[in-house]
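Reviewing the structure listed below.
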Amino acid sequence: MRKPIVAGNWKMNKTVADALSLVEGLKRDLAECKKVDVVLCPPFTALKAVADAVTGTHIDVGAQNMHWEKSGAFTGEVSAEMLRELYCHYVILGHSERRQYFHETDEIVNKKTKAALAANLHPIVCVGELLEQRESGKTEEVIEKQVRGSLAGLSSKELLDTVVAYEPVWAIGTGKTASPQQAQDVHAFIRGILKAISDEHVAQSVRIQYGGSVKASNAKELFHMPDIDGGLIGGASLEPRSFIEIVQGAF
Ligand code: 13P
Numbered sequence: 286m287r288k289p290i291v292a293g294n295w296k297m298n299k300t301v302a303d304a305l306s307l308v309e310g311l312k313r314d315l316a317e318c319k320k321v322d323v324v325l326c327p328p329f330t331a332l333k334a335v336a337d338a339v340t341g342t343h344i345d346v347g348a349q350n351m352h353w354e355k356s357g358a359f360t361g362e363v364s365a366e367m368l369r370e371l372y373c374h375y376v377i378l379g380h381s382e383r384r385q386y387f388h389e390t391d392e393i394v395n396k397k398t399k400a401a402l403a404a405n406l407h408p409i410v411c412v413g414e415l416l417e418q419r420e421s422g423k424t425e426e427v428i429e430k431q432v433r434g435s436l437a438g439l440s441s442k443e444l445l446d447t448v449v450a451y452e453p454v455w456a457i458g459t460g461k462t463a464s465p466q467q468a469q470d471v472h473a474f475i476r477g478i479l480k481a482i483s484d485e486h487v488a489q490s491v492r493i494q495y496g497g498s499v500k501a502s503n504a505k506e507l508f509h510m511p512d513i514d515g516g517l518i519g520g521a522s523l524e525p526r527s528f529i530e531i532v533q534g535a536f
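Sequence positions in the sequence shown follow the working numbering and run 286 to 536.
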């Protein structure tokens, strides 16, 4: 049985003060949540404050990016070890916004994934097709290339420590959600790729989140599809009530 995982990707939102007030709003309902792994991914600047604020609860903290090297002359970058030091347990990698605006390739995402795992961080590896790719019937081709490229060379144990997030780019921040069946089809396809690169046990154990305009009103339907194991939530994770209701949709 896979335990659902719901993560809030706050993107470039929330000052430290705003972040702390959001965490306070979430804690009453989510601090003791054991049925779902709840992860908050604030910007780097608020990581420490959020990690301190959730100490002693069941809520976990994740970052939104990292560099693959341990240290060195990489101005503006942050390493896996630096994130671990702040009690981060997850890191989102290869988000479509990073692929699109910061030119991250599957090869870069793969290097970051390996570095995260080596530092005992759980990578949340994002994949997803553009609208024109879906419309021209290329969804599976694109997803297969991204999954194989981003996860290349990982051992079974490393794959088991990894979370995959399927985020169709056309559904991110657009209010256009993939239908539960559209998302389920791609999730099942991703599980098939995991089986091909590893084995049945890995394919059945790795958690695959859906992301893209998940709201309190559509979360339950999506999360109850057989291969959807929770969500990666953008806009609706910035406000306590909607995020709490989304998490509850995964029960
Ligand atoms: P929205 O939930 O705002 O569509 O964003 C999804 C996302 O990109 C999460 O990583």
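Where is the CB? At the ideal position from N, CA and C, for every residue including glycine.
Suppose the cutoff is 8 Å on Cβ atoms and the five residues either side in sequence are ignored; what does the same chain contact list for residue i look like?
i, result
"R476", "A488, Q489, V491, I493 and D512"
"K296", "P328, Q349, E382 and G519"
"N298", "P328 and L523"
"L368", "L332, A348, M351, V376, A404 and L406"
"L402", "P408, L439, E443, D446 and T447"
What does the alpha-carbon distance come out to for the pair residue i and residue j?
i, j, result
"A292", "H486", "24 Å"
"L445", "K312", "28 Å"
"Q418", "V301", "38 Å"
"K320", "D303", "27 Å"
"H374", "R384", "22 Å"
"V339", "C318", "12 Å"
"T390", "S364", "18 Å"
"L325", "H388", "25 Å"
"K371", "A336", "According to the sequence shown, residue 371 is Leu rather than Lys. Approximately 7 Å, taken between the alpha carbons."
"I531", "G460", "15 Å"
"Q466", "H472", "10 Å"
"E426", "T447", "22 Å"
"S464", "K288", "22 Å"
"V543", "A481", "Any question about residue 543 goes unanswered here, given that the chain covers just 286 to 536."
"P442", "T342", "Checking the sequence, you will find Lys at residue 442 rather than Pro. Looking at the two C-alpha atoms, the distance is approximately 27 Å."
"T462", "T330", "30 Å"
Could you pull out every residue in the same chain whose Cβ sits closer than 7 Å to the Cβ of residue i, ignoring the five residues on either side in sequence?
i, result
"L415", "V454 and W455"
"I478", "E429, V432 and R433"
"Q366", "Note that residue 366 is Glu in the sequence shown here, rather than Gln. Closer than 7 Å at the Cβ level, and outside the excluded window around E366, lie K355 and A404."
"A334", "V301, A304 and L305"
Is the shortest distance between the beta-carbon of residue i and the beta-carbons of chain C less than 8 Å?
i, result
"A400", "In summary, chain C is missing from the structure at hand, where a single protein chain is found."
Figure out for me which residue from the options has the closest Cα to the Cα of residue i.
i, options, result
"M286", "D514, V532, I531 and A521", "D514"
"A521", "H343, L378 and G496", "G496"
"I377", "K430, G341 and N294", "N294"
"F474", "I529, T424 and K355", "T424"
"V432", "E443, E420, G413 and F536", "G413"
"G534", "H388, L315, G458 and S306", "L315"
"R526", "G434, K430, S306 and A365", "S306"
"I290", "K355, P408, G341 and Y386", "P408"
"A468", "A481, T447, K480 and S498", "S498"
"V323", "G458, G310 and V346", "V346"
"I457", "M510, H343, A334 and L517", "L517"
Tell me which same chain residues have a C-beta within less than 6 Å of the C-beta of residue i, skipping the five on either side of it?
i, result
"W353", "K396, K397 and A400"
"C411", "G379, H380, A450 and E452"
"K500", "A521"
"G310", "P525"
"M510", "P465 and Q469"
"F536", "K320"
Going by the C-beta, is residue i closer than 7 Å to any heavy atom of the ligand MN?
i, result
"K423", "Among the ligands present in this structure, namely the ligand 13P, the ligand MN is not found."
Flag this pair as touching only if the region 358–371 and the region 384–394 have three or more C-beta atom pairs under 8 Å; answer yes or no.
-> For the pair of segments examined, the region 358–371 was found not to touch the region 384–394: the number of CB pairs separated by less than 8 Å stays below three.
Relative to the ligand 13P, what is the chain-ordered list of residues with a Cβ closer than 6 Å to any of its non-hydrogen atoms?
-> Going along the chain, the residues that qualify are N294, H380, E452, I457, G458, G496, G497, S498, V499, L517, I518, G519, G520 and A521.
Taking three-plus beta-carbon pairs below 8 Å as touching, is the region 497–506 in contact with the region 423–442?
-> Cβ pair count under 8 Å is below three, so no.
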